[in-house]
């Protein structure tokens, strides 16, 4: 029984590593109009998004638990703990300064981002 459990664990961990190795950081757009914009960001483990900023507030909905580090061009750092399927509101002020997002976890992150354009 113990050998079977160890074998299953080894296979699972091997597949998890393979899935992370096959990961490609990307952005898939869903829609964009004058009221809102939605996209899915895939952020691979330890990958860093280029410096960017946001001009509108956003709601993010992670598809898995994880940790995202936000590094501002000023040097300030902030860690956001993501909970699977738990929406999080990010106001305009949080995103206006140039920053990078880093997946500091060991698994890919898939985050649905909904930008709210109406004030």
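Numbering (mature numbering (1 follows the signal peptide of the UniProt record, and there is no 0)), first residue to last: -20 to -1, 1 to 99.
For each residue, glycine too, the CB sits at the ideal point set by N, CA and C.
Sequence-distant residues of its chain with Cβ nearer than 8 Å to residue i (five each side left out)
i, result
"residue 66", "41 and 42"
"residue 72", "34, 35, 36 and 37"
"residue 11", "17 and 18"
"residue 7", "19, 20, 21 and 22"
"residue 54", "77"
"residue -3", "Since pLDDT at residue -3 reaches only 46, below the 50 mark, its modelled position is unreliable, and the value read off the structure follows with that caveat. Excluding sequence neighbours, residue -3 sits near nothing in its chain."
"residue 59", "47, 48, 49, 50 and 84"
Whole-angstrom C-beta distance between residue j and residue i, which should lie under 8 Å
i, j, result
"residue 70", "residue 97", "About 14 Å; that fails the 8 Å criterion."
"residue 81", "residue 64", "Contact doesn't hold; Cβ gap of about 18 Å is too wide."
"residue 75", "residue 47", "Contact flag wrong, Cβ pair sits at about 18 Å."
Residues near residue i by beta carbon distance below 6 Å, same chain, minus five either side
i, result
"residue 52", "77 and 79"
"residue 100", "This structure leaves residue 100 out entirely; the chain is present only between -20 and 99."
"residue 29", "80 and 81"
"residue 68", "40"
"residue 91", "21, 40 and 42"
In DSSP terms, what residue i is bridged to
i, result
"residue 17", "12 and 95"
"residue 70", "38"
"residue 89", "23"
"residue 81", "50"
Cβ-based neighbour list, residue i, same chain, cut-off 7 Å, excluding 5 preceding and 5 following
i, result
"residue 5", "22, 23, 24 and 27"
"residue -16", "Confidence is the limiting factor: at residue -16 the pLDDT is only 41, short of 50, which leaves the residue's position unreliable, though a coordinate-based value still follows. Excluding positions up to five away in sequence, the list is empty."
"residue 15", "97 and 98"
"residue 61", "47"
"residue 94", "16, 18, 38 and 39"
"residue 9", "19"
Those runs of the beta strand (DSSP E) which lie wholly inside the region 22 to 54 and span at least 3 residues: Taking only runs of at least 3 residues, the beta strand (DSSP E) segments lying wholly in the region 22 to 54 are 38 to 42 and 46 to 52.
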